[in-house]
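So the structure is just underneath, and the comments pick up after that.
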Amino acid sequence: SDTIALLQKVADQEEQNPKINAVIDYYLSPYHRDKTEMGCIIPALSAEISHSSEEVRQVFTQELERMIAFISDLAGIEPSKGSALFSTMVGSLV
Numbered sequence: 002s003d004t005i006a007l008l009q010k011v012a013d014q015e016e017q018n019p020k021i022n023a024v025i026d027y028y029l030s031p032y033h034r035d036k037t038e039m040g041c042i043i044p045a046l047s048a049e050i051s052h053s054s055e056e057v058r059q060v061f062t063q064e065l066e067r068m069i070a071f072i073s074d075l076a077g078i079e080p081s082k083g084s085a086l087f088s089t090m091v092g093s094l095v
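Sequential numbering of the sequence shown, starting at 2, is according to the working numbering.
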């Protein structure tokens, strides 16, 4: 997704601190929060997903799984912990 590609660039540019910290800082930044048209679809759709079509729910689930895998890999943690971390990140935005 575009969000993962953007977050990968953020991680790639970080040279001193853990890459996951740079990604979290960017994801929670006012810039990312306020640019909803360019940001992650997950916070935007979270409240409405249960009322969406099956197709939209499938796309949402795929993006969510990809984002959790990205966060988990970047942080070097199990997917269950990556899921908890990403849930916290999303919850901080909404």
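Ideal Cβ placement from N, Cα and C applies to all residues, glycine included. Since this is a predicted model, take the numbers as computed values, not measurements.
In the structure shown, the three-state DSSP call for S47 is helix. Short of 6 Å from the beta carbon of A76, and not among the five residues preceding or following it, lie these beta carbons of its own chain, in chain order: I21. Judged by DSSP secondary structure, E56 falls within the alpha helix (DSSP H) whose first and last residues are 55 to 76.
Taking S47 as the centre and dropping the five residues before and after it, the same chain places the C-beta of V91, V95 closer than 7 Å to its C-beta, in chain order. By the Cβ neighbour-count rule, M68 is buried, with 16 or more other Cβ atoms within 10 Å of its own.
Cβ contact annotation for T62 (same chain, cutoff 8 Å, sequence separation greater than five): none.
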